Amino acid sequence: MQENLLVIDPDKLAAEGLSPIAAGKAAARMARLFLKEGVSFARESTLTARFDFSLMEEAKQRGYEVELVYIRLASTELALERVASRASRGGHAVPSQDVVRRFTRSLENLPKAMALADKTTILDNSSCNYKRIN
1 MQENLLVIDP
11 DKLAAEGLSP
21 IAAGKAAARM
31 ARLFLKEGVS
41 FARESTLTAR
51 FDFSLMEEAK
61 QRGYEVELVY
71 IRLASTELAL
81 ERVASRASRG
91 GHAVPSQDVV
101 RRFTRSLENL
111 PKAMALADKT
121 TILDNSSCNY
131 KRIN
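Under full-length UniProt numbering, the letters of the sequence shown match residues 1 to 134, in that order.
Okay, structure coming up:
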């Protein structure tokens, strides 16, 4: 992956005072603008929305090389623990049912995202150190 990429992170936008919905919309606008302007960027996502795929498709049509870096956890239980830990440190909380739904949908969407990507790296973040899966 290219060094010093601009990173679009809806969670950071929300931490700056936007509602989660407004942050998601702002992140989408930024991504579309960067594509239009030919700017290289990275975008954080749970890989659960149709927008993820339309953005990848548009990037490919515009001649971008699409690199997918997928960071996974071993279980929904661990995902729930991580969210609870983040919230206890002042980070944003996510309802348990949303965590479980997103965890499952993200894994279901991974093959489609991999098919769109020019390069895929899968990392497991279940322990203290990332472990490369592929």
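All residues carry an ideal CB built from backbone N, CA and C; glycine is no exception.
These figures come from a predicted structure and were not determined experimentally.
*Own chain, CB closer than 6 Å to Phe34, minus 5 neighbours either side, in chain order*: Looking up residue 34 in the sequence shown gives position 34. Excluding its 5 nearest sequence neighbours in each direction, Phe34 has C-beta neighbours in its own chain below 6 Å: Phe41, listed in chain order.
_Per DSSP, what are the beta-bridge partners of Ala42 in this structure?_
Residue 42 sits at position 42 when you count from the first residue of the sequence shown. Val7.
_Terminal residues of the alpha helix (DSSP H) in which Glu57 lies_ = Within the sequence shown, numbered from 1, the residue matching residue 57 stands at position 57. Glu57 -> alpha helix (DSSP H) spans 50–61.
*Looking only at DSSP bridge pairs, what is Tyr70 linked to?*
In the sequence shown, the residue the question calls residue 70 occupies position 70. For Tyr70, the beta-bridge partners assigned by DSSP are Ile122.
*Which of the three DSSP states, helix, strand or coil, is assigned to Arg89?*
For the purposes of this step, residue 89 is identified with residue 89 of the sequence shown, where counting begins at 1. In the structure shown, Arg89 sits in coil (DSSP, three-state: anything other than H, G, I, E or B).
*Going by DSSP, name the residue or residues bridged to Lys131.*
Position 131 of the sequence shown, counted from the first residue, corresponds to residue 131. For Lys131, which the question treats as bridged, DSSP gives the partners Asp124.
_Short of 8 Å in beta carbon distance, which residues of its chain neighbour Glu67, apart from the five on each side in sequence? Order them along the chain._
Here residue 67 is taken as the residue at index 67 of the sequence shown, counted from 1. Cβ neighbours of Glu67 beyond the five flanking positions: Met1, Ala117, Asp118, Lys119, Thr120, Thr121.
*Hey, how far is the Cα of Ala79 from the Cα of Ser127?*
As a working mapping, residue 79 is identified with position 79 in the sequence shown. As a working mapping, residue 127 is identified with position 127 in the sequence shown. C-alpha separation (whole angstroms): 12 Å.
_DSSP-derived helix/strand/coil call for Pro95_ = On the sequence shown, position 95 is the one that residue 95 refers to. In the structure shown, Pro95 falls within a coil segment according to DSSP collapsed to helix, strand and coil.
*With a threshold of 16 other CB atoms inside 10 Å of the CB of Ala87, please say whether the residue is buried or exposed.*
If you number the sequence shown from 1, residue 87 lands on position 87. It is exposed - the Cβ of Ala87 has fewer than 16 other Cβ atoms within 10 Å.
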